[in-house]
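Chemist:
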Amino acid sequence: MRERNRRWQAQEALPRSDERAGQEREKAAGDRMQLEEGFLSHVSHELRTPLSSIHQFTTLLLDGLAGDVSAEAREYLEVVLRNAEQLKRMIGDLLTLTRCGSGKLTLDPAFTSLGELIQHACRSLQAAVTAGSISLSTDFPSNLPAVYMDAARIYEVLTNLIDNAIKHTPRGGKVVVKAERSKNRPKFVRVSVCDTGHGIGPENAKRVFERFYQVPEDAASSRRGLGLGLYISQELIKAHGGSLGLESELGHGTAVSFTLPIFSLAPLILPLLSAQNLSKGSMVFVAIKLPAPEELSARHAQRYSRAARKVLERCIRSGSDILLPRFDANQSPDHFYVLAFADPGEAETIVHRIKQDVSRFQAAALFGESVEAFSTTIALPRSRTGPLLEIANHISRRIEKVVEGEGLHRQPESEKRFIRQP
Amino acid sequence: MKINKILIVDDDRDFLRALTLRLKANNYQVVQAVDAGSAIVMTSRESPDLIVLDLGLPGGDGFLIMQRLKSAPSTAALPVIVLTAKDAEGNQERAYEAGAADFLQKPVNNEWLLGAIEGALDVVQHVALQQIAR
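The listed protein sequences correspond, in order, to chains S and G.
Quick note: the first sequence uses the numbering used here, first residue 68, plus one each step.
Quick note: the second sequence uses the numbering used here, first residue 180, plus one each step.
1) So which residues on chain G does L102 (chain S) lean against when the C-beta distance must stay under 9 Å?
2) For A296 (chain S), which residues in the same chain have their Cβ closer than 8 Å to its Cβ, ignoring the five residues on either side in sequence?
3) Verify the contact flag: G264 (chain S), CB atom, against every heavy atom of the ligand FMN, threshold strictly below 8 Å.
4) Verify the CB distance criterion: does T126 (chain S) have a CB-CB separation below 9 Å to chain G?
5) Leaving out the 5 sequence neighbours to the left and right, which residues in its chain are closer than 8 Å to A177 (chain S) when beta-carbon positions are compared?
6) Under 8 Å Cβ to Cβ from A286 (chain S), same chain only, skipping five residues before and after it: list those, please.
7) Could you say if the region 370-382 of chain S and the region 456-466 of chain S meet the contact criterion of at least three C-beta pairs nearer than 8 Å?
8) Are the Cβ atoms of P118 (chain S) and L154 (chain S) separated by less than 9 Å?
9) At the 9 Å Cβ level, is Q423 (chain S) part of the contact set with chain G, yes or no?
10) In the structure shown, what three-state DSSP assignment does P328 (chain S) receive?
11) Does the count of Cβ pairs from the region 132-139 of chain S and the region 263-270 of chain S closer than 8 Å reach three?
12) Quick one: what's E314 (chain S) bridged to in DSSP?
13) Below 6 Å CB to CB, which residues in the same chain sit around V224 (chain S) once its five sequence neighbours on both sides are set aside?
14) Does the region 253-269 of chain G come within contact of the region 102-118 of chain S, defined as at least 3 CB pairs closer than 8 Å?
15) Rounded to whole angstroms, what's the CA-CA distance from N205 (chain G) to L186 (chain G)? Just pull it up for me.
16) Work out the CA separation of E104 (chain S) and T165 (chain S) for me, nearest whole Å.
17) Count the other CB atoms, across all protein chains shown, that sit within 10 Å of the CB of L447 (chain S); report buried if there are 16 or more and exposed otherwise.
18) Run down chain S in chain order and give the residues with a C-beta less than 7 Å from the C-beta of F194 (chain G).
19) Does DSSP put I355 (chain S) in a helix, a strand or coil?
20) What separation, rounded to the nearest whole angstrom, lies between the Cα atoms of T173 (chain S) and I201 (chain S)?
21) Just the Cα atoms here: how many angstroms apart are D214 (chain G) and V259 (chain G)?
22) Which residues in the same chain have their Cβ closer than 8 Å to the Cβ of K347 (chain S), if we skip the five residues on either side of it in sequence?
23) Which residues in chain S have a C-beta closer than 7 Å to the C-beta of N289 (chain G)? List them in chain order.
24) How many Å lie between D240 (chain G) and D228 (chain G) at the Cα?
25) Helix, strand or coil for Y222 (chain S) per DSSP?
26) Are V282 (chain S) and D262 (chain S) close, meaning C-beta to C-beta below 9 Å?
27) What is the DSSP secondary structure of Q301 (chain S), counted as helix, strand or coil?
28) Does any CB atom of chain S fall closer than 9 Å to the CB of R201 (chain G)?
29) In three-state DSSP terms, what is T443 (chain S)?
30) At least one CB of chain S closer than 9 Å to the CB of L257 (chain G): is that the case?
31) In angstroms with no decimal places, state the Cα-to-Cα distance between A246 (chain S) and Q211 (chain G).
32) Strictly by DSSP, which residues pair up with Q284 (chain G)?
33) For M245 (chain G), count the other beta carbons within 10 Å of its own beta carbon; 16 or more makes it buried, fewer makes it exposed. Which is it?
34) Only counting the same chain, and skipping five residues up and downstream in sequence, which positions put a Cβ closer than 7 Å to that of T443 (chain S)?
35) Measuring straight from C-alpha to C-alpha, what distance separates E297 (chain G) and K249 (chain G)?
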């Protein structure tokens with residue numbers, strides 16, 4: 068009997084021990100990744116430190132702060148600088164690679180003008196363009212839709228792809244960065260980096276997205292890199308909900324294209340469409356102005372906006388309020404929008420609560436004395452049985468109309484609509 | 180016109196030297212500190228207008244220095260720009276929470292660094308003017 072019990076226990080214990088072994092394996096893998104990330108983070112710090120001095124002293128010499136520099140010396144210093152920049156990118160790539168593997172890649176998305184980012188990326192690679200006697204140009208319409216993206220990450224993708232294109236384009240060749248609304252996927256923008264370089268064959272084209280893979284002919288080149296650029300770019304684009312692909316023909320050049328979703332408020336609203344929130348029948352849209360110093364430089368305006376947003380994040384109720392991201396290029400840095408699921412009668416209470424909370428949390432020196440707010444009610448569609456995404460799209464369109472119609476952040480007269488805090 | 184004084188806190192003496200040259204060439208007066216202890220001493224002795232602060236330092240990290248500065252009324256409003264070789268992930272958010280005016284990563288683009296310094300000094304000036312107006 069005891070023997071039978073033991074066997075029975077052993078049979079019972081088997082799946083449990085399997086489960087435990089699985090958990091232990093998972094934990095060990097997690098620990099290994101953490102160790103790997105910690106190690107890479109440490110190594111990258113140790114590499115960036117001397118690189119930083121190389122970079123700083125080289126720019127000092129180039130700027131003539133240590134005396135005149137001959138044309139020949141300038142040329143050599145530019146080579147040093149270009150290589151230092153490349154090393155910096157490679158260190159960043161290694162860290163991003165570890166994060167992709169451990170699922171710790173975090174995005175900080177915001178409403179962003181893709182056109183400006185493309186121009187900025189092209190300007191940053193001007194030295195490589197000049198050195199290679201290549202023409203680098205852009206081609207996109209002025210009304211290119213805005214994208215909800217992590218600008219730093221997409222900048223990384225753009226510089227990776229453009230730098231790659233420059234590397235593989237012979238003297239006198241062309242690199243063009245194009246962007247347009249995707250023809251096949253209207254809710255996406257498509258960006259292509261096209262070059263007139265050597266191109267790559269179909270066998271290699273399949274493998275270039277693998278980690279550390281380098282086209283064999285490239286391995287002989289003096290600027291080989293780590294073979295991570297395309298892999299990382301693809302991971303970053305995927306994390307944004309887009310896709311990245313490559314078309315190439317030997318001897319005719321290469322086009323690497325990626326898509327990014329056009330900015331929409333709907334995906335942000337969707338998670339809040341619970342039965343309880345929908346039963347309110349309406350939402351209160353609150354426009355808030357947190358007065359900022361007027362002489363803000365563009366760079367400082369961004370920092371101010373970030374600090375103010377942090378204060379507001381603490382003033383909203385999770386689960387029923389949303390602090391909307393900046394979604395209009397004209398939105399001034401001291402204007403913010405909150406959307407709250409509430410009865411129309413609650414509008415004043417909500418505005419009052421936000422003002423009270425802002426006063427409580429605000430950093431004394433950051434904002435002026437008064438907080439201004441304007442609220443309006445947005446009715447939810449009567450039929451709330453359809454797909455939630457349709458309801459989210461409806462709300463999103465209404466918000467855009469309110470912002471557009473009220474001219475909340477553009478026309479000075481709209482300022483009169485703000486209720487000044489006593 | 181007032182010449183602003185900047186305290187650079189960094190334990191990498193080569194970088195300290197290069198950055199000092201860069202800032203002096205842009206009409207700033209520069210004082211230096213190479214560890215956490217001397218950073219605190221130099222802040223009270225030299226009364227800088229702004230601090231460029233590294234995070235990894237002997238004798239206590241940059242976060243500890245910011246904590247000390249922000250908790251003392253005389254230095255609470257002193258702008259601090261974090262300039263570090265450490266990874267932005269995690270550190271950037273922590274630096275802003277500790278009250279940093281900006282977070283920049285080494286090797287830094289000089290235009291960005293000078294822009295950040297100028298911007299942070301602008302805010303201090305604006306706040307001072309607002310207080311006078313009140």
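For glycine and all other residues, C-beta sits at the position ideal for the given N, C-alpha and C.
Model, not experiment: these values are computed from the prediction.
Modeler: According to the data block:
1) When 9 Å is used as the limit between beta carbons, L102 (chain S) is near no residue of chain G, the shortest such separation being about 15 Å.
2) Strictly speaking, residue 296 (chain S) in this sequence is Gly, with Ala absent from that position. D160, N227, L228, D230 and N231.
3) With respect to small molecules bound, the structure shown includes none, and the ligand FMN cannot be examined in it.
4) Put simply, the CB of T126 (chain S) is near chain G, with a gap under 9 Å to one of its CB atoms.
5) Non-local C-beta neighbours of A177 (chain S) in its own chain, meaning closer than 8 Å and more than five positions away in sequence, comprise Y215, M216, D217, A218, P392 and R393, ordered along the chain.
6) Low confidence applies to A286 (chain S): its pLDDT is 49, below 50, so where it sits in the model is not reliable, and the reading given next is rough at best. Within the same chain, no residue comes within 8 Å of A286 (chain S) by CB-CB distance, once the 5 residues on both sides are set aside.
7) Segments in contact, no.
8) The identity of residue 118 (chain S) in the sequence shown is Leu, whereas the question assumes Pro. For L118 (chain S) and L154 (chain S), yes; Cβs fall inside 9 Å.
9) Residue-level contact check: Q423 (chain S) does not touch chain G, since none of the beta carbons of chain G fall below 9 Å from its beta carbon.
10) Strand.
11) The answer is no - the region 263-270 of chain S does not touch the region 132-139 of chain S, with fewer than three Cβ pairs under 8 Å.
12) DSSP, once it has assigned bridges, lists S:A322 as partnering E314 (chain S).
13) By the criterion of a C-beta distance shorter than 6 Å, V224 (chain S) is surrounded in its chain by S300 and L303, once the five residues flanking it on both sides are discounted.
14) At 8 Å Cβ cutoff, the stretches touch.
15) Taking the straight line from one Cα to the other gives about 14 Å.
16) Each residue's alpha carbon lies about 6 Å from the other.
17) Buried is the call here.
18) Chain S residues near F194 (chain G): S119, S120 and Q123.
19) The three-state reading of DSSP puts I355 (chain S) in strand, counting E and B together.
20) Each residue's Cα considered, the two are about 35 Å apart.
21) When rounded, the separation of the alpha-carbon atoms in D214 (chain G) and V259 (chain G) is 16 Å.
22) Non-local beta-carbon contacts of K347 (chain S) in its own chain, meaning distances under 8 Å to residues more than five positions away in sequence, involve F408, A409, D410 and L447 in chain order.
23) Within 7 Å Cβ-Cβ: T126.
24) About 21 Å.
25) Reduced to three states, the DSSP call for Y222 (chain S) is helix.
26) No; because the gap between Cβ atoms is not below 9 Å, this pair is not in contact.
27) Q301 (chain S): helix per DSSP, three-state reduction.
28) Yes, because at least one Cβ of chain S sits closer than 9 Å to the Cβ of R201 (chain G).
29) Three-state DSSP puts T443 (chain S) in a strand.
30) No, because no Cβ of chain S sits closer than 9 Å to the Cβ of L257 (chain G).
31) Rounded to the nearest angstrom, the two C-alpha atoms are 47 Å apart.
32) BP columns for Q284 (chain G) point to G:T263.
33) Classification for M245 (chain G): buried.
34) Result list for T443 (chain S): F352 and V469, in chain order.
35) So the alpha carbons of these two residues sit roughly 21 Å apart.
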